[in-house]
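S.K.: Handing you a structure now.
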Amino acid sequence: MPMTRTIRVLAVDDHPLLRAGIASVINAEPGMEIVAEAADAHEAIAAYRQHRPDITLMDLRLSKGTGIEAISAIRSDAPGARIIVLTTFGGDVLALQAFKAGASGYLLKSMMRADLIDTIRLVHAGHRKIPSEIAATMAEHAGEDSLTIRELDVLHSIATGNSNKIIADDLDLSVHTVKGHVQSILSKLGAGDRTHAVVIALKRGILEQ
């Protein structure tokens, strides 16, 4: 009977304790091993190029770039790379960005203990994996108009508590134009007011927490 080749895994996360936990789970699983770890986006890209792992576990919140940027860079260099996002953020916007960048799987850290090994095996076998609740949220918002760059600028300023007048001064816009952007943001996000818009944007991953 032919031997099954070991699945070689790269773990990318800026928290050493979490990387240690991931390594413990994977190294205890027959047929899997951690071959490298990385703490930021630059290290992730370099580690991938050096080790060419079968699976990369990628956090989204990293220093020296983002997880999305690291996924794009790795996939540009190696189109066949199989990358699983492992994150605390369940927003549909972040998940969509990750899959557009080239991720094959998306797993919340809260699901890691129960689903990590199965997800690695599924993605290694060529399948895609995404939690059902995130897939449902992505489907719910599919086809919606996304916020424009200027609307995102306004939304970020709203999130810091700025008034329309301050936003207008900061972005070199008229107050009337800012009010128009605010109404468009509320409409696109289905929000009742400015605070509600920020809450929705944080939940969906449009704004960073």
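Numbered per UniProt numbering, the sequence shown spans residues 1 to 209. Where is the CB? At the ideal position from N, CA and C, for every residue including glycine. Computed from a prediction, not measured in an experiment: that's the story for all the values here.
1. Which class does T119 belong to by DSSP, given the choice of helix, strand or coil?
2. Would you give the residue range spanned by the alpha helix (DSSP H) that R150 belongs to?
3. So, is A28 buried or exposed, given that buried needs 16 or more other C-beta atoms within 10 angstroms?
4. Identify every residue that forms a DSSP beta bridge with N7.
5. Find out if the Cβ-Cβ distance for the pair V175, N164 is shorter than 8 angstroms.
6. With respect to the beta strand (DSSP E) encompassing I83, which residues constitute its N-terminal and C-terminal limits?
7. Can you give the Cα-Cα distance for S24 and A191, rounded to whole angstroms?
8. Strictly by DSSP, which residues pair up with K129?
9. Are the Cβ atoms of M138 and A98 separated by less than 8 angstroms?
10. Taking just the CA atoms, how far does T148 sit from L10?
11. Within 10 angstroms of its Cβ, does A46 collect 16 or more other Cβ (buried), or is it exposed?
12. Restricting to Cα atoms, I'd like to know which of I185, Q183 and V154 is closest to D170.
13. Report whether the distance from the Cβ of I26 to the nearest heavy atom of the ligand SAH is below 7 angstroms.
14. Between the stretch 73–81 and the stretch 108–118, do three or more beta carbon pairs fall short of 8 angstroms?
15. Please name the residue, chosen from G80, A39, V85 and P79, that lies closest to K64 on a Cα-to-Cα basis.
16. Give the secondary structure of L57 by DSSP, where H, G and I count as helix, E and B as strand, and everything else as coil.
M.R.: Reading off the structure:
1. In the sequence shown, counting from the first residue as 1, residue 119 sits at position 119. DSSP places T119 in helix when its eight states are reduced to three.
2. Translated into positions along the sequence shown, residue 150 becomes position 150. It spans I149 to A159 - the alpha helix (DSSP H) in which R150 sits, taken as one unbroken run.
3. Sequence index remark: in the sequence shown, residue 28 carries index 28 (1-based). In the assembly as shown, A28 is an exposed residue. Its beta-carbon has fewer than 16 other beta-carbons within 10 Å.
4. By one-based count along the sequence shown, residue 7 stands at place 7. Reading off the sequence, residue 7 comes out as Ile, not Asn. M32.
5. Position 175 of the sequence shown, counted from the start, is the residue given in the question as residue 175. Position 164 of the sequence shown, counted from the start, is the residue given in the question as residue 164. For V175 and N164, yes; Cβs fall inside 8 angstroms.
6. Here residue 83 corresponds to residue number 83 of the sequence shown, with the count starting at 1. Where I83 is concerned, the enclosing beta strand (DSSP E) stretches over I83 to T87.
7. One-based indexing of the sequence shown puts residue 24 at position 24. One-based indexing of the sequence shown puts residue 191 at position 191. The C-alpha of A191 is placed about 43 angstroms away from the C-alpha of S24.
8. For this step, residue 129 is matched to residue 129 along the sequence shown. BP columns for K129 point to G105.
9. Taking the sequence shown and counting its residues from 1, the one referred to as residue 138 is at position 138. Taking the sequence shown and counting its residues from 1, the one referred to as residue 98 is at position 98. No, they are not a contact pair.
10. What you label residue 10 is simply residue 10 of the sequence shown in a count that begins at 1. What you label residue 148 is simply residue 148 of the sequence shown in a count that begins at 1. The straight-line gap from Cα to Cα measures roughly 35 angstroms.
11. Locating residue 46 in the sequence shown gives position 46, where the first residue counts as 1. With fewer than 16 other Cβ atoms within 10 Å, it is exposed.
12. As a first step, residue 170 is located in the sequence shown; it is residue number 170 there, counting from the start. Of the candidates I185, Q183 and V154, V154 places its Cα closest to the Cα of D170.
13. As far as ligands go, the structure on display features none, and thus does not contain the ligand SAH.
14. No: the two stretches stay apart, fewer than three of their Cβ pairs being nearer than 8 angstroms.
15. For this step, residue 64 is matched to residue 64 along the sequence shown. It is A39.
16. Residue numbering aside, residue 57 sits at position 57 when the sequence shown is read from its first letter. Three-state DSSP puts L57 in a strand.
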